[in-house]
Amino acid sequence: MTTQSNLALHATSPQKLIRRLLLLTAAFVAILSGVSAPRVDAAENSVVAVVNADPISRDTLASASVDRYGTDVLDNLINRHLIMQECKRRGLGVTTEEVRTEILRVAKKFGLNVESYLQLLQEERDITPDQYSREIIWPMLALRKLVADEVVVSQEEFNRAFVSQYGEAIKCRMVMVQDKSQAVQLHAQAAAEPSSFARLAKEFSEDPTSASVGGLIPPIRRYMGDEVIEEAAFALKEDQVSDVLPVGDQWMFLQAVRRMPASQPSPQALPAIKEQINDRIRDEKMKTAASQLFAQLQKQAQVVKVLGDSQASAKYPGVAAIINGQQVSIANVAAECIKRHGESVLEGEINRKLLAQALSKSGKKITDDDLKAEIERAAISFGYMTVNGSADVQAWFDAVLEGGPGTREVYIEDVVWPSVALKKLVEDETTLTQQDLQQGFESHYGPRAEVLACVLSDQRSAQKVWEMARDNPTDQFFGQLANQYSIEPVSSSNFGKVPPIRQHGGQPSVEKEVFQMKPGDLSGIIATGDKYIILRCQGFTEPVVSDFNAVQEELQSVLIEKKMNVAMGLKYDELKQTAEIDNFFVASKEIPRVAGENRGSR
1 MTTQSNLALH ATSPQKLIRR LLLLTAAFVA ILSGVSAPRV DAAENSVVAV VNADPISRDT
61 LASASVDRYG TDVLDNLINR HLIMQECKRR GLGVTTEEVR TEILRVAKKF GLNVESYLQL
121 LQEERDITPD QYSREIIWPM LALRKLVADE VVVSQEEFNR AFVSQYGEAI KCRMVMVQDK
181 SQAVQLHAQA AAEPSSFARL AKEFSEDPTS ASVGGLIPPI RRYMGDEVIE EAAFALKEDQ
241 VSDVLPVGDQ WMFLQAVRRM PASQPSPQAL PAIKEQINDR IRDEKMKTAA SQLFAQLQKQ
301 AQVVKVLGDS QASAKYPGVA AIINGQQVSI ANVAAECIKR HGESVLEGEI NRKLLAQALS
361 KSGKKITDDD LKAEIERAAI SFGYMTVNGS ADVQAWFDAV LEGGPGTREV YIEDVVWPSV
421 ALKKLVEDET TLTQQDLQQG FESHYGPRAE VLACVLSDQR SAQKVWEMAR DNPTDQFFGQ
481 LANQYSIEPV SSSNFGKVPP IRQHGGQPSV EKEVFQMKPG DLSGIIATGD KYIILRCQGF
541 TEPVVSDFNA VQEELQSVLI EKKMNVAMGL KYDELKQTAE IDNFFVASKE IPRVAGENRG
601 SR
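Spelled out as structure tokens, the structure:
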């Protein structure tokens, strides 16, 4: 090794050196195995991250992902296996090209190219392109193939669809209300004076969309939905009012505005129209048939869920489920979990390791009693208490676990343990001074300033408004100025009135100014951030509590928690900023694959 190399090695931190050795070891093992050395960012690397020289293995990530998302992912895998088994039984398959074509077709429906559509799915619904292809498009296409022979569009179905799209229509007004007696009363008025229908709809109809335009609704055609409403509409003459009709739990009646004759598409457009209508009917029938087939497959399937069942797991080690005799391994479920949720789960593992390292360094430990106390504190703070005032832990767990991934154990590991860890790390440095107590007392229980406020976006406008407020020093005129000029919605809509301002509430420049004012005083122009604020003082509220000793214990509890929360946030930021973290899992996702690359070549 050269001198330059030796110097470089000694200049490297111990953490970086250990990370380098881990990577070199992986490369050496690969060479001995007769394969090319893996890249640092390889998705299958056994080490997915290194935190301050402490590695996180892929096995750890897999286990954590299964704990949190295994049940949901397994359900999806079972459903796909059922479809695959049925396709295999019938000798059917879905090609990659068919999946691509379907994605292209769906993207075009939304007026997007494929890349934009897939990006939208990922940003808005957190669905990756791979997940969308495997878990949504492929099952849909497979089910459609399975029911394709059963789906035939009859001439009668085509004729009804054609009439619903191009046939005669009735333009109507509608009144809809919840109460039947009110509907009958309004109907009597409309029938007696048809010209009042639009007014009645505006004043009384509970359907806001149609009420805003005098009850007008889209034209009613035959075979569009509710046959009773269609028959009632087509029985009407112009201006005539229908009977009162039930619609779900509401009541409605119609007035015919005019009859609209059927459209006659040109002969040139007719073939394309026929194809479009047939495709739409076929798609709708396929969806229904596919849903029925899938329900049948689920009903007939023999499924044994092993994951989460300790007795079954002992009998079938390494197996997550058995579907019609075919085993799905836990490794397969873990791989799916990592594909979907690996990045977020790994972030949690990294944070947990950072906290564990900090606890170890400070010589602190977390006990079961610590975790129990934190759970009880959280339950009480959110109002989950028994009749005797103690924490209703069961009700709290029911609330926090509803709709979320994992179990009690996962919640404790992901939420409770990190909170306790951060509190342990900052508890020695979180103390209350006499000044903290005094400011806290003034903030929570002291007088508050009642003011009118006007918020401006630039100093020139603020100067103009301030001069007008000075020249006409009344609350009414200031309120009008705020209504006209304030860019802040509350003060603008309430003619300057804003919630009372307390001391030590987080707005030091505003508080300093306002607590020096007297009723009727006009403040100077207060610059805060990119805003300019003008205040007019209306007075001060009476202190809520005057005896400090009466609230000292409760105040101390509130203030120490607030101060600790701030300290916890700062400590977490400090740990993240000073840590040396290599996240190979994320790095592997960020490096694009080369188009057309033959990954199996040597």
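Take the sequence shown: its letters are residues 1 to 602, numbered as in full-length UniProt numbering. Heads up, the beta-carbon is just placed ideally off N, CA and C, and yes, glycines get one too.
Residue i vs residue j beta-carbon contact at 8 Å
| i | j | result |
| --- | --- | --- |
| S546 | Q503 | no |
| R536 | D471 | no |
| V175 | W138 | no |
| A482 | A453 | yes |
| P194 | V241 | yes |
| L121 | L112 | no |
| L425 | S362 | yes |
| V345 | L141 | no |
| F441 | F548 | yes |
| I487 | V510 | no |
| L236 | L143 | no |
| V410 | D67 | yes |
| residue 604 | I273 | Lying before the first or after the last residue shown, residue 604 is absent from the chain, which here runs from 1 to 602. |
| E168 | M260 | yes |
| A191 | G214 | no |
| P508 | R448 | no |
Segment limits, beta strand (DSSP E) that includes residue i
| i | result |
| --- | --- |
| N583 | 581-583 |
| Y532 | 531-540 |
| T528 | 526-528 |
| A49 | 47-51 |
| R134 | Segment: none, R134 is in no beta strand (DSSP E) and carries neither H nor E. |
| A169 | 169-177 |
Residue of the options minimising C-alpha distance to residue i
| i | options | result |
| --- | --- | --- |
| Q538 | Q122, S557, D436, F515 | F515 |
| P418 | N113, K365, D130 | K365 |
| L522 | E467, D309, F441 | E467 |
| residue 662 | V177, A527, Y117, A148 | As shown, the chain starts at 1 and ends at 602. That puts residue 662 outside it, with no answer to give. |
| S57 | I350, D458, S133 | I350 |
| L216 | L254, V247, A395, K571 | L254 |
| E574 | A358, F477, E374 | A358 |
| T407 | L371, G308, K372 | G308 |
| A290 | A64, K512, E86 | E86 |
| G446 | Y117, T95, V247, P543 | P543 |
| K423 | Q189, N565, P261 | N565 |
| D226 | P246, A373, P317 | P246 |
| A321 | L74, P55, K571, I375 | L74 |
| A334 | S65, G520, V228 | S65 |
| L302 | E97, Q327, M385 | This sequence places Gln at residue 302; Leu is not what is there. Residue Q327 is the option with its Cα nearest to Q302. |
| S461 | D530, R144, A579, M385 | D530 |
| N79 | R134, K339, A272, K180 | R134 |
| E150 | D428, T288, A391, F477 | T288 |
| M517 | E450, Q311, R199, L77 | E450 |
| A262 | D126, Y166, P317 | Y166 |
| D428 | M568, Q459, V306, T71 | M568 |
Opening and closing residue of the alpha helix (DSSP H) in which residue i lies
| i | result |
| --- | --- |
| D72 | 58-90 |
| P508 | 508-514 |
| L216 | Element bounds for L216: not the alpha helix (DSSP H) but the beta strand (DSSP E), 216-221. |
| A161 | 155-166 |
| F502 | Sequence check: residue 502 is Arg here, not Phe. First-last for R502: undefined, no H or E at that position. |
| I560 | 548-578 |
| R377 | 368-381 |
| E206 | Here E206 belongs to no alpha helix (DSSP H), and DSSP marks it neither H nor E. |
| Q185 | 180-192 |
| I412 | First-last for I412: undefined, no H or E at that position. |
| I103 | 96-109 |
| L522 | Run containing L522: none; DSSP gives neither H nor E here. |
Cutoff 7 Å; reference residue i; Cβ partners in own chain excluding five residues on either side
| i | result |
| --- | --- |
| V586 | E343 |
| V184 | V244 |
| V465 | C454, L456, L481, Y485, I534 |
| V114 | I103, L104, A107 |
| K353 | V51, D54, I56 |
| G505 | S443, E511 |
| A595 | Bear in mind that a pLDDT of 36 at A595, under 50, signals an unreliable position, so the model cannot answer this. |
Own chain partners of residue i with C-beta closer than 8 Å, once the 5 adjacent residues on each side are dropped
| i | result |
| --- | --- |
| A161 | Y223, I277, R280, I281 |
| V153 | N278, I281, R282, K285 |
| A233 | I170, C172, I220, S242, L254, A256 |
| A395 | A379, Y384 |
| V228 | L245 |
Contact test: residue i Cβ vs the ligand SAH heavy atom, cutoff 7 Å
| i | result |
| --- | --- |
| A301 | The ligand SAH is not part of this structure, which contains no ligands at all. |
Quiz prompt | Start-end ranges of the alpha helix (DSSP H) lying completely within the segment 427-500, minimum 4 residues | solution = 434-445, 459-471, 475-485, 489-493
Self-check item: 3-residue-minimum beta strand (DSSP E) runs that sit fully inside the segment 235-264, ordered along the chain
Solution: 245-247, 250-260
Self-check item: beta strand (DSSP E) runs wholly inside the segment 297-348, at least 3 long, in chain order
Solution: 303-305, 319-323, 326-329
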